[in-house]
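Heads up: the sequence lines are chains A and B, in that order. Basically the numbering used here = 1-based index in the first sequence + 38. Basically the numbering used here = 1-based index in the second sequence + 259. Built from N, CA and C at the ideal position, the CB exists for glycine as well. One structure is given here, and the rest of the page talks about it.
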Amino acid sequence: MTLVFKNVTKRVGADVHIFDTSVEFVENEFNILLGTTLAGKTTLLQLMAGLEVPTSGEIWFNGNNVTGVATQKRNVSMVHQQFINYPHFSVYDNIASPLRVAGFSKADIESRVDSVANLLKLTPMLKRRPNELSGGQQQRTALARALVKDADLVLLDEPLANLDYKLREELRDELPKLLSDRKCTVVYATTEPTEALLLGGYTATVHEGQITQFGKTPDVYRRPTDLETARVFSDPPINTTKIIRKDGLMVLDEEVSWPAQGAADGLADGAYMMGIRPHFVTVQPTSENAVAIQGRVIVSELSGSESVVHFKLGDLSWVSQSHGIHAIDIGADATFYLDTRHCIYFGENEKLMAA
Amino acid sequence: MNKKISNQKAWWFVAPVIVLVAFNAVIPLMTVVNYSVQETFGNNVFFWEGVKWFETVLNSERFHASLGRQMMFTSIILLIEVPLGVAIALTMPKKGVWVSVCLVFMAMPLLIPWNVVGAMWNIFALPDIGLLGRAINALGIDYNFTSQPLSAWFTTILMDVWHWTSLVVLLAYAGLSSIPDAYYQAAKIDGAKPWAVFRYIQLPKMKRVLTIAILLRFMDSFMIYTEPFVLTGGGPGNTTTFLSIDLVKIALGQFDLGPAAAMSLVYFLIVLLVSWLFYTLMMKDEAQ
Chain A
39 MTLVFKNVTK RVGADVHIFD TSVEFVENEF NILLGTTLAG KTTLLQLMAG LEVPTSGEIW
99 FNGNNVTGVA TQKRNVSMVH QQFINYPHFS VYDNIASPLR VAGFSKADIE SRVDSVANLL
159 KLTPMLKRRP NELSGGQQQR TALARALVKD ADLVLLDEPL ANLDYKLREE LRDELPKLLS
219 DRKCTVVYAT TEPTEALLLG GYTATVHEGQ ITQFGKTPDV YRRPTDLETA RVFSDPPINT
279 TKIIRKDGLM VLDEEVSWPA QGAADGLADG AYMMGIRPHF VTVQPTSENA VAIQGRVIVS
339 ELSGSESVVH FKLGDLSWVS QSHGIHAIDI GADATFYLDT RHCIYFGENE KLMAA
Chain B
260 MNKKISNQKA WWFVAPVIVL VAFNAVIPLM TVVNYSVQET FGNNVFFWEG VKWFETVLNS
320 ERFHASLGRQ MMFTSIILLI EVPLGVAIAL TMPKKGVWVS VCLVFMAMPL LIPWNVVGAM
380 WNIFALPDIG LLGRAINALG IDYNFTSQPL SAWFTTILMD VWHWTSLVVL LAYAGLSSIP
440 DAYYQAAKID GAKPWAVFRY IQLPKMKRVL TIAILLRFMD SFMIYTEPFV LTGGGPGNTT
500 TFLSIDLVKI ALGQFDLGPA AAMSLVYFLI VLLVSWLFYT LMMKDEAQ
C-alpha cells in the first residue's frame with residue numbers, strides 16, 4: 039500500500055508536534071522512523087493510524103485521501119512498545135479479537151489464528167493468558183494480533199524496546215522475514231541507529247517534528263544530507279568540528295592539517311563543519327590516511343570487544359571507538375587517529391557538501 | 260550437628276506491636292466476650308450464663324428485623340453507589356485543569372463529619388422548612404421522612420449515596436487513570452466498540468480497586484450509625500433502626516450488657532465472614 043504525507047502539521051495547543059512534513063513511504067517495504075525520544079515518531083505513527091488528525095495537510099493511502107477517515111476504516115494494525123493485550127483473554131482470543139470484530143466466520147478465524155500462532159511460535163501458549171507469558175511471548179502475541187488481520191499498513195512503535203537483549207535480537211531477526219512475504223507497508227519506529235542498520239529497508243530520520251531525510255537506510259547513513267541527520271543516525275554521537283580548507287589543505291588547527299583529497303577534493307576553499315563517526319577516530323592508526331590529534335581523556339569505557347573513549351579536543355567533546363581493549367588513563371593526554379577518508383563535510387548552514 | 264541458636268532479643272522488636280494490638284483489639288474484644296457469657300445486675304457482680312445470650316440473640320425477632328433492614332440497606336446502597344461511582348469516574352476528564360477541580364468536588368462530601376452530614380440532611384429534608392422536603396411536596400408527592408417509613412428510607416439512602424459515592428468515584432478514577440493510552444489505541448485499531456472497551460479493558464483493569472471499593476462500602480454501610488441516628492433516630496418506629504443503632508439501644512439504652520455483647524460478636528462475625536467471602540470470590544480469578 040502506498041502511504042504519502044502531504045505538508046502534514048500537527049499542533050497540540052501551542053506545541054508543534056509535527057511540522058510541515060511531506061514524505062512518500064515505500065510501498066510494501068520496511069520503512070524505519072529513526073529519531074530520539076520525543077522527536078515525533080509516535081505522533082507520525084498515530085497520524086498514520088488515524089488516532090490523531092493532522093492540524094493541516096493530508097495523508098493519502100493508495101491514492102485516496104484518508105486524512106479524516108476513522109482508524110477502524112483504515113485497515114492498519116499497530117504494535118506498541120508496551121505489551122498491549124487484553125488481560126482477560128487467552129492468547130487465542132487475543133489474536134482472534136480483531137477478526138471477531140471484523141465479523142469473520144469461526145472456521146476462518148481458527149485457521150488464520152493457527153497459522154499466525156505457528157509463525158510466531160505461540161501454538162503451545164494459545165490457552166494461556168498474557169500475564170502468564172514472558173515479555174517476549176507477550177510481544178509476540180501483540181505482533182500476532184497485528185499480523186492476523188492482514189492489514190495493508192503495519193505500524194510498529196519501538197516494539198523491541200521493552201524486551202531484554204537476547205529476545206530483542208531474536209525477534210529483530212525474525213521481523214523482516216515475517217513481514218516480507220506479506221503485502222503490507224511497514225513503518226517501524228526506533229531510537230537506535232544500530233537497529234535501523236540491522237533492519238535495512240528505508241529510513242526516515244526524525245528530528246524535532248520533522249523528517250530530515252528519507253531514503254535507503256545505508257544511503258542515509260553514508261550520505262546524511264545535513265548535520266542533524268548525521269547526529270540522529272550515529273551512536274555514539276558523531277564528532278563535529280569547524281574546519282578550514284586552504285591551499286589544498288584541510289586545516290583543523292595550527293598543528294593538525296591534511297591534504298584535501300577524496301571527498302574534500304572538490305570543495306572550494308573556505309570554512310566548513312566536519313563530521314566524523316566515532317569508529318573512524320581510533321587509538322591506533324587504521325590506515326595511512328590517519329592523522330594524529332591530541333585530546334584529554336574524560337571517560338574510558340570498555341565493552342567486550344571495543345573501547346569507547348570520550349575526550350576533549352580543545353573545547354569540543356569527542357568520542358573515539360576502537361576495536362580491542364585499550365586501557366587509557368582518565369585525565370591523561372592521548373593521541374587519537376582520525377581516518378580522514380571518512381570525514382563528512384557540511385556547509386555553514388549544516389547542509390551536506392561532500393561525503 | 261545442627262545447633263539451634265537461641266536469641267530472645269527479637270521479642271523486644273515485636274513487643275510494641277503486641278502491646279498495640281492488645282490494647283486496640285484483643286483486650287476490648289475479650290471484654291466483650293467476657294460480657295457475652297455472663298449476666299450482671301450491677302455492682303460489678305457477674306453470673307455465668309454460658310451461651311444463653313447467643314441463643315437469645317439468634318432467636319430474637321428484633322435482631323432478625325434489624326439484620327434484615329441492615330442487609331436491605333447495604334444491598335441497595337451498593338447497587339446504587341458502585342455503578343454510579345464507576346459511571347461518574349468514566350465521564351471525568353482525563354487531563355487538563357478540570358481534573359483537579361473535579362477531584363476536589365468529588366472529595367468534598369468525604370471531608371464532612373458524619374454527624375454534620377446527618378444534621379445537614381435532616382434540615383435539608385424537613386418537609387416544612389427543608390429545601391428538599393419542600394421541593395418534593397411541591398411536586399405533589401406526600402413526603403415526610405419523620406413519619407413515613409418509605410420517605411425515611413429514601414432520605415437515608417439518598418444521604419448515603421451523596422456522602423459515599425465519591426469514594427467509589429475516586430477509587431475507580433484511580434484505576435482508570437492507571438490504564439496506559441496504548442490500550443485504548445489498540446482497541447481503536449481493532450475496531451472495538453465503546454462497550455467492548457469498557458468490558459474488556461476498563462473493567463478488568465479496575466477490578467482490584469473496585470474490589471476494595473465494594474469491600475469498604477460494604478463494611479462501612481453495614482456498620483452505619485451516626486448518619487441515620489442523627490437523621491431519623493432509627494424511626495419512624497423501628498423502620499430505620501439498623502444493627503448498630505439497635506445495638507446501642509440494647510447496650511446503653513436498656514443496659515443489657517450480656518445480650519448486647521453477644522449481639523456484637525455475632526455482628527462482628529457476620530461482617531468478617533461476608534468480607535472474607537467477598538474478597539475470596541472477587542480474587543479467585545486473580546489467583547489462577
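Contact under 9 Å by Cβ, residue i with residue j
i                 : j                 : result
Ile368 of chain A : Val337 of chain A : yes
Gly239 of chain A : Asn69 of chain A  : yes
Met522 of chain B : Ile504 of chain B : no
Val46 of chain A  : Leu83 of chain A  : no
Gly313 of chain A : Phe252 of chain A : no
Ser360 of chain A : Thr320 of chain A : yes
Thr485 of chain B : Val376 of chain B : yes
Ile339 of chain B : Thr424 of chain B : yes
Pro316 of chain A : Ser272 of chain A : yes
Leu158 of chain A : Asp146 of chain A : no
Met379 of chain B : Met365 of chain B : no
Leu71 of chain A  : Ala227 of chain A : yes
Arg167 of chain A : Ser128 of chain A : yes
Pro275 of chain A : Arg269 of chain A : yes
Thr491 of chain B : Thr415 of chain B : yes
Leu287 of chain A : Trp296 of chain A : yes
Val525 of chain B : Met478 of chain B : no
Phe404 of chain B : Ala384 of chain B : yes
Val335 of chain A : Phe349 of chain A : yes
Contacting residues, own chain, Cβ-Cβ under 7 Å from residue i (five flanking each side not counted)
i                 : result
Val154 of chain A : Ile133, Ala182, Leu185 and Val186
Gln332 of chain A : Asp371 and Thr373
Ala108 of chain A : Gly88
Tyr259 of chain A : Leu235 and Phe271
As assigned by DSSP and simplified to three states, the class of residue i
i                 : result
Thr40 of chain A  : coil
Tyr375 of chain A : strand
His348 of chain A : strand
Ala330 of chain A : strand
Met288 of chain A : strand
Phe127 of chain A : coil
Ser265 of chain B : coil
Asn283 of chain B : helix
Asn118 of chain A : The question names Asn, yet the displayed sequence has His at residue 118 of chain A. Three-state result, His118 of chain A: coil.
Glu320 of chain B : helix
Ser437 of chain B : coil
Phe313 of chain B : helix
Asn100 of chain A : coil
Lys187 of chain A : coil
Pro323 of chain A : coil
Asn293 of chain B : helix
Ile300 of chain B : The amino acid at residue 300 of chain B is misidentified as Ile; the sequence shows Phe. Correct three-state label for Phe300 of chain B: coil.
Contact set for residue i: own chain, Cβ-Cβ below 8 Å, skip 5 residues either direction
i                 : result
Ile56 of chain A  : Val46, Thr47, Lys48, Gly78, Thr81, Leu82, Leu85, Pro92, Gly247 and Gln248
Asp58 of chain A  : Asn45, Val46, Thr47, Gly95 and Gln248
Tyr130 of chain A : Val151, Ala155, Leu164 and Lys165
Ile382 of chain B : Ile388 and Gly389
Tyr443 of chain B : Val456 and Ile460
Residue i CB to nearest heavy atom of the ligand FMN below 8 Å
i                : result
Lys48 of chain A : With respect to the ligand FMN, the structure shown offers nothing to examine, as it has no ligands at all.
Minimum Cβ-Cβ distance from residue i to chain D less than 9 Å
i                : result
Leu89 of chain A : In the structure shown, chain D cannot be found, because the protein chains are A and B.
Nearest-angstrom Cβ-Cβ length linking residue i and residue j, presumed shorter than 8 Å
i                 : j                 : result
Gln297 of chain B : Glu308 of chain B : 6 Å
Asn113 of chain A : Ala189 of chain A : 5 Å
Ser101 of chain A : Thr40 of chain A  : The residue you asked about is not Ser; residue 101 of chain A is Gly in the sequence shown. At roughly 7 Å, the Cβ-Cβ gap stays under 8 Å, so Gly101 of chain A and Thr40 of chain A are in contact.
Leu474 of chain B : Ser534 of chain B : 6 Å
Ser115 of chain A : Ile483 of chain B : Between Ile483 of chain B and Ser115 of chain A the Cβ distance is about 51 Å, and since that is not below 8 Å, they are no contact.
Gly450 of chain B : Ala302 of chain A : Going by Cβ atoms, the distance from Gly450 of chain B to Ala302 of chain A rounds to 56 Å, so no, they are not a contact pair.
Thr243 of chain A : Thr279 of chain A : That belief does not hold up - the Cβ atoms of Thr243 of chain A and Thr279 of chain A are roughly 21 Å apart, past 8 Å.
Gly174 of chain A : Leu216 of chain A : Not a contact, Cβ separation roughly 14 Å.
Thr324 of chain A : Asp377 of chain A : 6 Å
Chain-order list of residues whose beta-carbon lies under 6 Å from that of residue i (same chain, five-residue window excluded)
i                 : result
Val117 of chain A : Ala180, Leu181, Ala184, Leu194 and Pro197
Cys394 of chain A : The structure shown has nothing for residue 394 of chain A, since chain A only spans 39 to 393.
### Query
Which residue spans inside the stretch 453–513 of chain B form an unbroken alpha helix (DSSP H) run of at least 4?
453–456, 462–481, 485–490 and 502–507
### Those runs of the beta strand (DSSP E) which lie wholly inside the stretch 51–92 of chain A and span at least 3 residues
53–63 and 68–72
### Contiguous alpha helix (DSSP H) assignments of at least 4 residues, all confined to the stretch 217–284 of chain A
231–237, 255–260 and 265–270
### Message
Could you tell me which whole alpha helix (DSSP H) segments of length 4 or greater appear in the stretch 343–429 of chain B?
### Response
357–370, 373–384 and 390–397
### Query
What are the start and end residues of each continuous alpha helix (DSSP H) run of 4 or more residues lying completely inside the stretch 143–169 of chain A, in chain order?
144–157
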